[in-house]
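Read through the structure below, which is laid out as C-alpha cells, and then see the notes.
See the structure below:
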C-alpha cells in the first residue's frame with residue numbers, strides 16, 4: 023500500500039479462484055450455476071478480506087478488487103501485463119510437503135511476469151502463531167471417565 027501511495031497509483035487486490043476439482047477437468051464437469059456460485063463466493067471472500075484489512079475505513083489509495091478464474095500465479099501474471107505495473111506477492115510458507123503438492127506462486131510470477139515483482143516474506147510472527155496453535159490444539163486432555 024505504501025508503494026501505491028508513493029507512486030500515486032491504483033492498488034488492485036486480486037483473488038484467483040477455481041471451480042470444484044480445480045484443474046482442467048472442472049471446466050466441463052461443473053454447470054453454469056455452480057460456476058456462478060463459485061464466482062460469487064470468491065467476490066464475497068475478497069470483500070471480507072478487504073473489509074477485515076481496512077476495518078471499514080477508506081483506504082489511503084484508490085483500491086479495486088478483482089476476482090479471476092484460474093490458478094493464482096497465472097491470474098496475477100495475466101492481470102499485471104503492463105511493464106509499468108508492480109506485482110506484489112507473498113512468499114508464503116514453503117514446507118517440503120507443501121512444495122510437493124502446490125507450486126510456488128511467487129516463483130511462477132517471478133518467472134513469467136512482464137513487470138517488476140516484489141515478494142514479501144512471511145511474517146516472523148506467523149511461525150510463533152502456528153506453533154502456539156499446534157501446541158494448544160494438537161492433543162486435547164481427555165478424561166476417560168467422562169466417556170463412560
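In my numbering, the protein residues as written are 23 to 170. No residue lacks a Cβ here, since even glycine has one placed at the ideal position from N, Cα and C.
Alpha-carbon spacing of residue i relative to residue j, whole angstroms
i	j	result
residue 43	residue 54	15 angstroms
residue 91	residue 149	30 angstroms
residue 59	residue 89	13 angstroms
residue 40	residue 127	15 angstroms
residue 47	residue 28	Confidence at residue 47 is low in this model, with a pLDDT of 48, below 50, so the placement of that residue should be treated as unreliable; the coordinate-derived value is given next. One C-alpha to the other measures close to 43 angstroms.
residue 61	residue 100	18 angstroms
residue 113	residue 139	11 angstroms
Buried versus exposed, by CB contacts within 10 Å (16 or more), residue i
i	result
residue 95	buried
residue 171	Residue 171 is absent from the structure shown; the chain starts at 23 and stops at 170.
residue 142	exposed
residue 56	exposed
residue 152	exposed
residue 38	buried
residue 30	exposed
Short Cβ contact (8 angstroms threshold) for residue i with residue j
i	j	result
residue 108	residue 87	no
residue 83	residue 133	no
residue 33	residue 85	yes
residue 72	residue 102	no
Where the alpha helix (DSSP H) through residue i begins and ends
i	result
residue 101	94-101
residue 132	127-134
residue 27	24-29
residue 75	54-76
Bounding residues of the beta strand (DSSP E) (the contiguous stretch that carries residue i)
i	result
residue 112	109-112
residue 89	85-91
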